[in-house]
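First up is the structure itself, then whatever we jot down about it.
There are 2 protein chains.
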Amino acid sequence: MDHSLSTLFQARYGAAAPEAAIPSNAVLEALLSHRSVRAFLPDALPEGTLETLVAAGQSAGTSSNLQAWSVVAVEDPARRARLAELAGRQGFVAKAPLFLCFIADTSRLRRLGERQGQPMEGLDYLEAFIVAAVDAALAAQNIVVAAESLGLGTVYVGALRNKPEEVGVELGLPPGAVALFGLCVGRPDPAAPAAQIKPRLPQATVLHRERYDASAEAAAVEDYDNTLAGFSTAQGIGAQGWVGRMLKRVGTAADLHGRDTMKATLRRMGFPLR
Amino acid sequence: MDHSLSTLFQARYGAAAPEAAIPSNAVLEALLSHRSVRAFLPDALPEGTLETLVAAGQSAGTSSNLQAWSVVAVEDPARRARLAELAGRQGFVAKAPLFLCFIADTSRLRRLGERQGQPMEGLDYLEAFIVAAVDAALAAQNIVVAAESLGLGTVYVGALRNKPEEVGVELGLPPGAVALFGLCVGRPDPAAPAAQIKPRLPQATVLHRERYDASAEAAAVEDYDNTLAGFSTAQGIGAQGWVGRMLKRVGTAADLHGRDTMKATLRRMGFPLR
Chain A
-6 MDHSLSTLFQ
4 ARYGAAAPEA
14 AIPSNAVLEA
24 LLSHRSVRAF
34 LPDALPEGTL
44 ETLVAAGQSA
54 GTSSNLQAWS
64 VVAVEDPARR
74 ARLAELAGRQ
84 GFVAKAPLFL
94 CFIADTSRLR
104 RLGERQGQPM
114 EGLDYLEAFI
124 VAAVDAALAA
134 QNIVVAAESL
144 GLGTVYVGAL
154 RNKPEEVGVE
164 LGLPPGAVAL
174 FGLCVGRPDP
184 AAPAAQIKPR
194 LPQATVLHRE
204 RYDASAEAAA
214 VEDYDNTLAG
224 FSTAQGIGAQ
234 GWVGRMLKRV
244 GTAADLHGRD
254 TMKATLRRMG
264 FPLR
Chain C
-6 MDHSLSTLFQ
4 ARYGAAAPEA
14 AIPSNAVLEA
24 LLSHRSVRAF
34 LPDALPEGTL
44 ETLVAAGQSA
54 GTSSNLQAWS
64 VVAVEDPARR
74 ARLAELAGRQ
84 GFVAKAPLFL
94 CFIADTSRLR
104 RLGERQGQPM
114 EGLDYLEAFI
124 VAAVDAALAA
134 QNIVVAAESL
144 GLGTVYVGAL
154 RNKPEEVGVE
164 LGLPPGAVAL
174 FGLCVGRPDP
184 AAPAAQIKPR
194 LPQATVLHRE
204 RYDASAEAAA
214 VEDYDNTLAG
224 FSTAQGIGAQ
234 GWVGRMLKRV
244 GTAADLHGRD
254 TMKATLRRMG
264 FPLR
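Chains as they are written, first to last, in my numbering: chain A, -6 to 267; chain C, -6 to 267.
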């Protein structure tokens, strides 16, 4: 058993950790060590960092090589402050030196069709939005892994979906392009408490073999609720478990912070979603 | 300039490669070296591989810790063959020893709500499907990176969306769960020609600074069309550029291979998409 991988499994799953049965390596340890960082030094990133991150992002898979995503890199402090305001007033969006806005982008293919005199009817369907969203997410995750390998910290900002049209105006997005989520990138502030590895649901609830099986789920979720409450207590943010948070996050339409109008909004932004 | 990173940038972008201005590391080189593998040895993976891959997947970010994804790991050869048939008869799906089906999964949160006597109304919205799709994609990309670090090859299989209901029946998916895409995992067949790094669009078309800017796009896309045609010729699959492929892939509804009915299908599968 590899000690470091085993330690990382323990941090990720607590008592429910699977055995670390295979030899570890630097990439696995980097992936397993991930934690979100929300306190950043304001220092600009070294020259060439952004290009390297984007190259990592473009190296991810993309559906049929459509490459239906873009990224808008925001460094201007005033724009970061405006985006922080739009994204539920999350102060760290203004503080991180680089804020990446990940765009589900069918507009590039539309423009290609226009130049070729071809309507690109396939882009009118929900399927095209799914492709663009998945492409953007695959690229983003590679960028997170690349950033962490450079000693940088990151945190995703889903609240960029609270006001997609306002964000689109701020970023000058054309029709058929929407900011799906943001990513703060910067050097972690050493004066802030170090971010810890967050426990996740026991593997048995997420990993199914051959066919989906939820028979052991209720007990596993209860265990996880306790694990997460213990983690939260240790982090000094109160004994919040998973169940209560989930009920508060998707219990009612109001919990979506305006995202219950997403379908109409996307249609206005050039995604017909047929 | 780091030589190896520079070489990888060249492979990814051809003549349009940005300068590799920062020191490289093992993780960056792994990310930049990605290529899809479609020829696998049939050998089963070492014990503990699957659990390690899933731990890497669960270490990715997830919207508000909702963890709205699952993975069904298919090893049974008969089931792999049936899934290969459903996924556009892609033979490598049947040949790879492990086929991972990534599930956008709101059903776990629905079941939680049922146990708590809470309707979970937020899950009725398109937003919930977006969260689940993004969660699944972030996890999947971490799994790709982890698999490659273990010397394994992978290829995404989007064609699992051609027949989502049939795939759902095969995998026993409950309402509110849909297989978004698959991933073949296995040891690359050394007898097959080695997969090469595929060129992507020039960075300037994907990376925007401060605001979206498509002014240099048409020329960059033309360059890329030539780069990709050259790559295809070198791979022995004819001088196919990007533009022609894109027109064939999203030009008409028929090009979507049945995915033009995705919205109605998802509704039948328990995603109201309000």
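Cβ atoms here follow ideal geometry from the backbone N, Cα and C, with glycine treated the same way.
Everything numeric in this text was worked out from a predicted model, so none of it was measured.
_Identified DSSP bridge partners for Asp216 (chain A)_ = Looking at the DSSP assignment, Asp216 (chain A) forms no beta bridge with any residue, so it has no partner.
_Local Cβ density within 10 Å of Arg204 (chain A), reported as buried at 16 or more and exposed below that_ = Label assigned to Arg204 (chain A): exposed.
*Short check: CB of Thr273 (chain C) to CB of Val178 (chain C), under 7 Å?*
No answer is possible for residue 273 (chain C): it lies beyond the span of chain C, which begins at -6 and ends at 267.
*Which of helix, strand or coil does DSSP assign to Ala4 (chain A)?*
Residue state, collapsed to three classes: helix.
*Should Lys241 (chain C) go down as buried or exposed, given a rule of 16 or more other Cβ atoms within 10 Å for buried?*
Exposed, since its Cβ has fewer than 16 Cβ neighbours within 10 Å.
*asked:* Quick check on Phe85 (chain C): does DSSP put it in helix, strand or coil?
replied: When DSSP states are grouped into helix, strand and coil, Phe85 (chain C) belongs to the helix group.
_For a minimum of 3 consecutive residues, which ranges assigned as the beta strand (DSSP E) are wholly contained in the region 103 to 172 of chain A?_
Complete beta strand (DSSP E) runs here, min 3: 146 to 150.
*Would you verify that the beta carbon of Ser225 (chain C) is, or is not, closer than 7 Å to some beta carbon of chain A?*
By this cut-off, Ser225 (chain C) is not an interface position.
_If you measure between the beta carbons of Leu164 (chain A) and Val64 (chain A), is that distance less than 7 Å?_
Not closer than 7 Å, so no.
*Would you call the region 199 to 215 of chain A and the region 20 to 38 of chain C in contact, with 3 or more CB pairs under 8 Å?*
Too few Cβ pairs lie closer than 8 Å, so no.
*DSSP three-state call for Pro195 (chain A): helix, strand or coil?*
Here Pro195 (chain A) sits in coil by DSSP.
*Excluding five sequence neighbours on each side, which residues of the same chain lie with their C-beta closer than 8 Å to the C-beta of Phe122 (chain A)?*
So the list reads Ala97, Thr99, Leu259, Phe264, Leu266, once near-sequence residues are dropped.
*Note down the Cα distance separating Leu46 (chain A) from Ala129 (chain A), rounded to an integer number of angstroms.*
Near 14 Å, if we compare the C-alpha coordinates of Ala129 (chain A) and Leu46 (chain A).
*Arg73 (chain A), enclosing alpha helix (DSSP H) - first and last residue*: Residue range 70 to 79 is occupied by the alpha helix (DSSP H) that includes Arg73 (chain A).
*For Ala66 (chain A), name the three-state secondary structure that DSSP assigns.*
In the structure shown, Ala66 (chain A) sits in a strand (DSSP, three-state: E or B).
*Who are the neighbours of Phe2 (chain C) on chain A, taking C-beta pairs under 8 Å?*
Correct list: Ala48.
*Please confirm if Met113 (chain A) has its CB atom under 7 Å from at least one CB of chain C.*
Yes, its Cβ sits closer than 7 Å to a Cβ of chain C.
_Suppose you measure from the CA of Ala49 (chain C) to the CA of Ala133 (chain C); what does that come to, to the nearest Å?_
Roughly 9 Å between the two C-alpha positions.
*Can you tell me which of the three DSSP states Ala184 (chain A) falls into?*
DSSP places Ala184 (chain A) outside both helix and strand once states are collapsed to three, so it counts as coil.
*To which residues does DSSP link Gly179 (chain C) through a beta bridge?*
Gly179 (chain C) is bridged by DSSP to C:Gly146.
*What residues in the region 234 to 257 of chain A bring their beta carbon closer than 8 Å to a beta carbon of chain C?*
Hits within the stretch, in order: Trp235, Val236, Arg238, Met239, Leu240, Arg242, Val243, Gly244, Thr245, Ala246, Asp248, Leu249, Arg252, Asp253, Met255, Lys256.
*For Ala170 (chain C), I'd like the list of residues in its chain whose CB is within less than 6 Å of its CB, leaving aside the five on either flank, ordered along the chain.*
For Ala170 (chain C), same chain residues with a beta-carbon under 6 Å away, outside a window of 5 residues either side, are Ile96, Asp98, Ser100 in chain order.
*Touching or not, the region 72 to 79 of chain C and the region 106 to 119 of chain C, by the rule of three or more beta carbon pairs under 8 Å?*
Because the criterion of three Cβ pairs below 8 Å is not met, the region 72 to 79 of chain C and the region 106 to 119 of chain C do not touch.
*Within chain A, partners of Leu24 (chain C) - CB distance below 7 Å*: What Leu24 (chain C) touches in chain A: Ala49, Ser52, Asn135, Val138, Ala139.
*Given Ala9 (chain C), which residues of its chain have a CB within under 7 Å of its CB, disregarding the five upstream and five downstream residues?*
Counting only residues of its own chain and dropping the five nearest sequence neighbours on each side, Ala9 (chain C) has a CB closer than 7 Å to the CB of Pro195, Asp216.
_Sequence ranges, alpha helix (DSSP H) only - wholly within the region 35 to 61 of chain C, length at least 4_ = Counting only runs of 4 or more, we get 42 to 51.
*Using a C-beta cutoff of 7 Å, does Asp36 (chain A) count as contacting chain C?*
It does not: the Cβ of Asp36 (chain A) has no partner Cβ on chain C nearer than 7 Å.
*Would you tell me roughly how many angstroms separate the C-alpha atoms of Asn155 (chain A) and Gly41 (chain C), rounded to the nearest one?*
The straight-line gap from Cα to Cα measures roughly 40 Å.
_Buried or exposed (CB count within 10 angstroms, at least 16 for buried), Ser17 (chain A)_ = Buried, because 16 or more other Cβ atoms sit within 10 Å of the Cβ of Ser17 (chain A).
*asked:* At the 7 Å Cβ level, is Gly169 (chain C) part of the contact set with chain A, yes or no?
replied: So, not an interface residue.
*So, is Arg261 (chain A) buried or exposed, given that buried needs 16 or more other C-beta atoms within 10 angstroms?*
Arg261 (chain A) should be labelled exposed.
*Tell me, please, whether the CB atom of Ile230 (chain C) is closer than 7 Å to any CB atom in chain A?*
No, because no Cβ of chain A sits closer than 7 Å to the Cβ of Ile230 (chain C).
*Taking only beta-carbon positions, decide if Ser(-3) (chain C) is within less than 7 Å of chain A.*
With its beta carbon at least 7 Å from every one in chain A, Ser(-3) (chain C) lies outside the interface.
*Once you ignore the five residues that flank Gln189 (chain C) on each side, which residues in its own chain have a CB closer than 7 Å to its CB?*
Correct list, in chain order: Arg28, Gln228.
_Contact criterion: CB-CB distance below 7 Å. Does Met(-6) (chain C) meet it with respect to chain A?_
Confidence is the limiting factor: at Met(-6) (chain C) the pLDDT is only 42, short of 50, which leaves the residue's position unreliable, though a coordinate-based value still follows. So, not an interface residue.
_Residues that Thr42 (chain C) contacts on chain A, provided the C-beta gap is smaller than 7 Å_ = Contact annotation for Thr42 (chain C) against chain A: Ile15 [CB-CB distance below 7 Å, chain order].
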